[in-house]
Every structure is written in C-alpha cells, then in structure tokens.
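One structure is given below, encoded as structure tokens.
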Amino acid sequence: MLARSRPIYFAGRYQSQKVYLPTSVRENHYLLYQFANDYQGDWLTYLARSCQTHGIDNACVVFSDKAVKVRFADEFHLFETPAQIRVFYSPLHRIGLQVLGSGQNSQHAQILFLAQGGSLREGACDFHQRVLLVISELKQRVMMPTAGQLSDRQHLTFDVLAAQKGHKSVTGHYLRALPARYQQRGFSLPPVAGSLVYSVAHCCMNQLPDDDQLLRSHQGKTAFEALFQQFAFSCQQHGVDSAYLIAANQEIVVQQADNADISEQGDTIRLSLARDSRQKVQCYWSEHHRPSRIYFLFTESAVQGNSAYAARLQKHMDVLREMAGRLAINPQQQALTLRFYQALSYPV
Numbered sequence: 001m002l003a004r005s006r007p008i009y010f011a012g013r014y015q016s017q018k019v020y021l022p023t024s025v026r027e028n029h030y031l032l033y034q035f036a037n038d039y040q041g042d043w044l045t046y047l048a049r050s051c052q053t054h055g056i057d058n059a060c061v062v063f064s065d066k067a068v069k070v071r072f073a074d075e076f077h078l079f080e081t082p083a084q085i086r087v088f089y090s091p092l093h094r095i096g097l098q099v100l101g102s103g104q105n106s107q108h109a110q111i112l113f114l115a116q117g118g119s120l121r122e123g124a125c126d127f128h129q130r131v132l133l134v135i136s137e138l139k140q141r142v143m144m145p146t147a148g149q150l151s152d153r154q155h156l157t158f159d160v161l162a163a164q165k166g167h168k169s170v171t172g173h174y175l176r177a178l179p180a181r182y183q184q185r186g187f188s189l190p191p192v193a194g195s196l197v198y199s200v201a202h203c204c205m206n207q208l209p210d211d212d213q214l215l216r217s218h219q220g221k222t223a224f225e226a227l228f229q230q231f232a233f234s235c236q237q238h239g240v241d242s243a244y245l246i247a248a249n250q251e252i253v254v255q256q257a258d259n260a261d262i263s264e265q266g267d268t269i270r271l272s273l274a275r276d277s278r279q280k281v282q283c284y285w286s287e288h289h290r291p292s293r294i295y296f297l298f299t300e301s302a303v304q305g306n307s308a309y310a311a312r313l314q315k316h317m318d319v320l321r322e323m324a325g326r327l328a329i330n331p332q333q334q335a336l337t338l339r340f341y342q343a344l345s346y347p348v
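For the sequence shown, position 91 matches number 91 in UniProt numbering, and the numbering has no gaps at all.
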C-alpha cells in the first residue's frame, strides 16, 4: 500500500471498493475456535507443536464460557470481567502459546489464533487456511465427534479526526466481503458461513465540554434523545439507513440472530442483528446504570448487501465528524476512534 498526502476521497471505477484512511490505521486479525470441553489428555502439547509446524506464533487457549474480545496493546496481557475475557496484544510481537484457566469449570474450550506481522489483511486468507490445518490435526488427535464453531474476525482501527490534527497522510484500502477476498485467493468458504459487518465508535461523557454536561446529569436521557434526533438527521443526510446511538457503561457485543434484539448482560450490551432484515436508525439508553459512554454503531442492512463497504465507511466517517462538531469535541486534544469490523463464522 502506498502512503500519500491527500484528502480522503474516491476515484474512478473503484469508488465503491477503495477508501483512504490515515496511515496510523491499525489492522487486527484473529480466529476463535470454540468446542466442547470434553477431552482429556495432553492435547495442549500437541496443539503447540501443530501451531509451530504451521507457522502460528501467537495463540491462546481459554477455558471459559465467557466472550473473548481482542484489542491492540504494545504488551500482551489478559483482563477478565464477569462476562468477558479481553486479550490485549500487538501483531508485531511473538507471545507463543498462552493458557488461561484449568478447564475444570467450563463447558467450552476456546482457542484464539492471533495473526502476526505488518500486513494482516494481505495475509488473511493464508492465515485462515493455516488455522484450519491446525484444527484438522487437533480434531484427529483428540477424536472430536462433533464440530466446533470457527469465527474469523478482522478490523481496522483509526481516528476519524486525524486530518483535523494535521495528520494529512493517508493510505488506500480496498474493502470487500471476506468470502470474495478469500475466493480471489483460491479459497472457498463453505456455503453455511455467516457474515457480519459493522463499524463502531464511542466517546466518553466525561470528555465532553461543559456545554454538554446535561448528558451527564439526571436529565441526561432527555438530552440524549435530542442528540439522537441530530444523529438520525445526519444519517439521513449522508445516506446511512442502518445505525444505532447507544448510551451505556458497558461494552457492546454485536452478533447475528434470527430476531433483532438489544439486551444488557452484566458488563456487556448484546446487540443482536436479524439476518436478512431491513434495519433503521435507532437509539438505546441504558436504564440500569447512569451511562458514561455514547456509542455510534453502524450496521449492514439487507438492502445494502455485501458490497460497497468503502463507500459506506466513508459515509460513517462523515456522520461521525459531523457529530463530533455537534458535541464540540476538540480534535486537537481528543480522538474519535472508529473500528471497522468484518467477521464470519461456520462449523468445523
């Protein structure tokens, strides 16, 4: 990818596939394999050997039924909450095979395969196939009678206010559906593979200027509803038809389901997106706690399909910059970090 100094825009016939993002953008890629924790013996040693054979240097075995989330950090560490296991790591470093938990009190074992290197999206298909080889060998070793679930998750993370800070240098990124990207590399995913695409940003209420202190007071819900009207109008103006504005303390977990729903489970808010349904611009205010964060979450609607990701991501950035202005966020002092997620899952 060629870094250049220019404003973010599209050109030519690649308009719907290519977007220019700040050169400070971070890539992340990991696969999570979850299966029933029914197997005895020293399969961890065999897993370590298989990972070494197939060139996978970063992996974690998590004996827990909690959701696993991955974030960037310069140093590897794990952080456990009542509902989540958060893994922090850098793709530029090697951590080997890490093990969390003993496996005595969990129904599932989860193997987290973390991609390594500086061009993760370019090597994503190869990494996916190497993980499949490790899983295949492990299943033969422990004689697994039932399939587990494999999830492939990738995201790009960047500050949408970077240009306003004076960081004008950008890099072009082609954004396409994961099945299409892998197919071009000669690898076909099974027809049952489900796909999920969304982007999310958030700001902390205690970082808002005094003019927005109403959001942090007992009248916060009323102020939030007024903010939602501005958000909905901005989405309409920029052609975004599927989004959420959420005020909460908890982390957001997005998943596919048969029916759309949003619910609070401990330290997470689970947002279920219905398959093949038309979405709309919606809001949610957490009633159980006084919210400390405002989330801007953009989802994929059935009418949009699995194309033109770059054009849609550009619209999300336009909405966020407009909302940052409405909230009087100082771009010189604060970042508005956006994560663009692509994920798929299927039984293996």
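In this text, a Cβ means the ideal position worked out from N, Cα and C, and glycines have one as well.
Contacts around residue i, its chain only, beta-carbon distance under 7 Å, and the 5 residues preceding and following it disregarded
i: residue 54; result: 130, 133 and 134
i: residue 234; result: 319, 322 and 323
i: residue 175; result: 17, 19, 309, 310 and 313
Cβ neighbours of residue i in the same chain (closer than 8 Å, five flanking residues each side left out)
i: residue 269; result: 246, 248, 250, 251, 252, 253, 262, 263, 284 and 286
i: residue 199; result: 297, 298, 313, 316, 338, 339, 340 and 341
Chain-order list of residues whose beta-carbon lies under 6 Å from that of residue i (same chain, five-residue window excluded)
i: residue 81; result: 267
i: residue 317; result: 160
i: residue 74; result: 90
i: residue 257; result: 272
i: residue 230; result: 326
i: residue 29; result: 115, 120, 124 and 154
Cα-Cα separation, residue i to residue j
i: residue 59; j: residue 69; result: 14 Å
i: residue 275; j: residue 344; result: 13 Å
i: residue 143; j: residue 348; result: 13 Å
i: residue 221; j: residue 329; result: 20 Å
i: residue 206; j: residue 39; result: 48 Å
i: residue 27; j: residue 21; result: 12 Å
i: residue 293; j: residue 183; result: 39 Å
i: residue 195; j: residue 158; result: 22 Å
i: residue 1; j: residue 107; result: With a pLDDT of 39 at residue 1, under the threshold of 50, the modelled position of that residue is not reliable, and the figure given next carries that caveat. Approximately 43 Å between the Cα atoms of the pair.
i: residue 240; j: residue 192; result: 28 Å
i: residue 156; j: residue 181; result: 16 Å
i: residue 327; j: residue 197; result: 27 Å
i: residue 148; j: residue 265; result: 24 Å
i: residue 114; j: residue 31; result: 7 Å
i: residue 352; j: residue 259; result: The structure shown has nothing for residue 352, since the chain only spans 1 to 348.
i: residue 37; j: residue 137; result: 17 Å
i: residue 165; j: residue 332; result: 5 Å
Limits of the beta strand (DSSP E) - the one that residue i falls within
i: residue 234; result: Premise fails: residue 234 lies in the alpha helix (DSSP H), 220-237, not in any beta strand (DSSP E).
i: residue 316; result: That residue, residue 316, is in no beta strand (DSSP E); its alpha helix (DSSP H) goes 309-326.
i: residue 184; result: Run containing residue 184: none in the beta strand (DSSP E); it sits in the alpha helix (DSSP H), 178-184.
Start and end residues, alpha helix (DSSP H) containing residue i
i: residue 137; result: 124-142
i: residue 289; result: Here residue 289 belongs to no alpha helix (DSSP H), and DSSP marks it neither H nor E.
i: residue 39; result: Neither: residue 39 is in no alpha helix (DSSP H) and is coded neither H nor E.
Among the options, the one whose alpha carbon lies nearest that of residue i
i: residue 125; options: 113, 233 and 185; result: 185
i: residue 281; options: 288, 289, 259 and 238; result: 238
i: residue 95; options: 83, 260, 121 and 48; result: 48
Taking contact to mean 3 or more Cβ pairs, one atom from each stretch, closer than 8 Å, check whether the region 50-67 and the region 93-105 are in contact.
Counting Cβ pairs under 8 Å, three or more are found: they touch.
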